[in-house]
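Worksheet for the structure shown next.
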Amino acid sequence: RHARWRLAGYPIALAILAVYEWSLYRPSIYSHVLTLNMFYLGLVGVFSTVRLVGSYRGRRSPLARQRVRVMTLGALFGLSLPLLIVLASAISGGGTAMNPAAMTIFLFLLALAYAVVKHDLFEIDAMVKRGAYYFLLTGAVGATYIGAVVLFNLGLRAGAVTDSPAFPVLFTFAVLLLFNPLRTRLQAFVDRVFFGTRYDAPQVLAAVGAELASALKRDQIAAILRGAIEEAIPNAGTQLYVRVDGLLQEVGGRTTVPAALHPRLTAGRIVTAFDPAELYPDGASQERARAGLAVLGAEIAVPLLLRGELVGVLGAGSKRSRFFYTAADAEFLRALANQAAIALENAASYEALAALNARLEERVRERTGQLEATNRELADAYTELKHAEVQLVQSEKMASLGRLVAGVAHEINNPVSFIATSIPPLRQRLAQAAAVAPPPAAKALREAEDLVGIMARGAERTAAIVKDLRSFSRLGEATRKPADLQDGLEVSLRLLEPRWRDRITIHRDYGPLPLVECDPAQLNQVFMNLLANACDAIAGRGNIWVTTCVEGDTVVIAIRDDGVGIAPELLGRIFDPFFTTKEVGAGTGLGLAISLSLVAAHGGQIDVDSPPGGGTTFRVVLPSVAASATLDRAAGGTR
């Protein structure tokens, strides 16, 4: 931008050189020309140094800033000091010796060569930092010491304090006390001015180490590292990459570390965007490495090594201060990377242990589920076995009862038949005798005739009971056949009449029903159980409603009572074998279980409903069978 101003100095220098050559043989003016020459040379040196510093501050490229920094250091120590000596000699009229000026000029040439060759720039960072630090420290301590001596000499010239032998010792001790805080402040100043950083690496590493020790997940480790680096070295972004299925993948992202960076990272070397070409076997590999860093959005990549194996990469973007990463920064990042590698191993061990625990818990749950399923199967099998055993015993009981009933019915039926067949001729004989007998005898014969009528009704009653018993047992019927379910209901009601006659009113509501293909004896047992339970549910006086109807292709028999009802929490268990709501000894808990199995064997089901407030309704639903005859029995009324 200012090329014409840079060229303006050359004509002036050529003019001064020409005047200098002309005055060599004119002693009267030579000394003045030499003074002017030295003064101009000193000004040019100071101006050039200032321009170098300004150029260093204005560079945006970290590599360019690094080169200018090296040249500035060489200019300060190689040219500025000699030019200042020349300037002082010119001002003093030759009173200052210029011989030492030539002793440090080689430093500028050395710095220029170093910047051109651009060997490992981290080394020059350390040299710049150390040189500036010790230069300023020495100057500050020396100036402080000299200033203190001058002040004490001026202030205590007439006193006896400075004459004391202890004064030099105490004075030196006081200056040494100022050395440590002065050194700390100067070191922070050098870091801030030359490198744009100011952090206590040991303190940060200690704090990060404590946090990483308790981190058990990769995202936690990445967050801790990101926060620590952002606080110590503000940059464009910090990312952690860990090995996943052979790839170095970003934690919390999808970016992977390019293969071009792997060789140097695997060797444990830090990769930067400004590594010299000497570190790569060819220029192409250097360009690939820089392109790989660009993919990561990083200016520096630090390997995470664990027992010689690359387990991750720590990448950091360009510093916000626009300075390049220094050797101290690199060592700080390497120390963080070492801590992160150990933390990642701990996290991997924790994740592996958690996965193992999860697998073990899953296997335990599976095994527990299998055992529970096996136990349920065994319990169900045991329940079915007990149920089958109960049904077998009940069937044997019913068969024995049927045989007993059949035998009793046969034995009773014969005498009853004799009585029934003898009553009509007996009545006829009594009537004939009464017609010819005298009045007293005729009266006795009529009373005898009344007694015969009572006997006839008793015989009829006995015959009806025997018929019901035979109908209930149905012995000898091994096959199913169409049957009238309402006949079975009536038989069951008559057999249970002693239990309901004096206290319960039976309400019959029989609708027209088709014949049902069934085993009548088994369904009679179902009706007997349901009606008996309804009678038992009514403690005093009450009502029982017996309803039959057709719903679609099913036949429904509903038996409802207004008794105590069944608690809601017990409704799901009333069909379980051996479960009963009756008092101990009052029931076996098998009636409903057997009834359910008998109805299920006929392809039907039993529904139960017991609303709050009392009363229970059992609905027996059976498939109907098309038959030529349909019983059209009206409601039987109330009894």
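Each residue of the sequence shown is one higher than the last, beginning at 577 in this note's numbering.
Every residue, glycine too, gets a C-beta built ideally from N, C-alpha and C.
As the structure is a prediction and not an experimental result, all values here were calculated from the model.
DSSP assignment within the stretch 823-899 yields the following whole alpha helix (DSSP H) runs of 4 residues or more, N-terminal first: 838-842 and 859-872. Per DSSP, the unbroken alpha helix (DSSP H) holding Glu-807 starts and ends at 794-808.
For Ile-1120, the uninterrupted beta strand (DSSP E) segment begins and ends at 1118-1127. Cβ-Cβ distances below 8 Å link Ala-867 to Pro-834 and Ala-836 in the same chain, with the five nearest sequence neighbours on each side left out; the list follows chain order. Sequence-distant partners of Arg-1003 (beyond 5 residues in either direction) whose C-beta falls short of 7 Å from its own C-beta, in its chain, are Glu-1025 and Val-1028.
Closest in alpha carbon position to Pro-1088, among Leu-980, Val-1126, Ala-1143 and Gln-825, is Val-1126. The Cβ atoms of Val-1131 and Leu-1198 sit closer than 8 Å to each other. Proximity of the stretch 1077-1094 to the stretch 1055-1064 meets the contact definition, three or more beta-carbon pairs being nearer than 8 Å.
Contact annotation: Leu-788 and Ile-800 have beta-carbon atoms nearer than 8 Å. Between Ala-808 and Phe-908, the beta carbon gap of about 7 Å places them in contact (Cβ cut-off 8 Å). The beta carbons of Ser-894 and Glu-863 sit about 19 Å from each other, so the pair does not count as a contact at 8 Å. Taken through DSSP and simplified to helix, strand or coil, Pro-1088 comes out as coil. In summary, Gln-1181 is exposed, with fewer than 16 beta-carbon neighbours lying within 10 Å of its beta-carbon over all protein chains present. For Leu-1027, DSSP assigns no beta-bridge partner whatsoever. Ala-1177 is not a Cβ neighbour of Phe-1151, given a cutoff of 8 Å.
Thr-611 has its alpha-carbon roughly 53 Å from the corresponding atom of Val-847. Here DSSP, grouped into helix, strand and coil, assigns His-608 to helix. The Cβ atoms of Val-784 and Ala-804 sit closer than 8 Å to each other.
The beta carbons of Leu-880 and Leu-920 sit closer together than 8 Å.
From the listed residues Thr-959, Ala-923 and Leu-1107, the smallest Cα separation to Trp-1076 is found for Leu-1107. DSSP places Val-1140 outside any alpha helix (DSSP H), giving it a letter other than H or E.
Between Val-818 and Arg-845, the C-beta gap is not smaller than 8 Å, which leaves the two residues out of contact.
Burial of Leu-1065 is indicated by the presence of at least 16 other C-beta atoms within 10 angstroms of its C-beta. The C-alpha of Phe-899 is placed about 16 Å away from the C-alpha of Thr-814. Asp-1112: member of the alpha helix (DSSP H) spanning 1096-1113, first to last residue. When the Cα atoms are used, Gly-884 and Ser-897 turn out to be separated by approximately 34 Å. Ile-1080 is classed as buried because its beta carbon has at least 16 other beta carbons within 10 Å across all chains shown. At the C-beta level, Thr-1123 and Ala-1134 come within 8 Å of one another.
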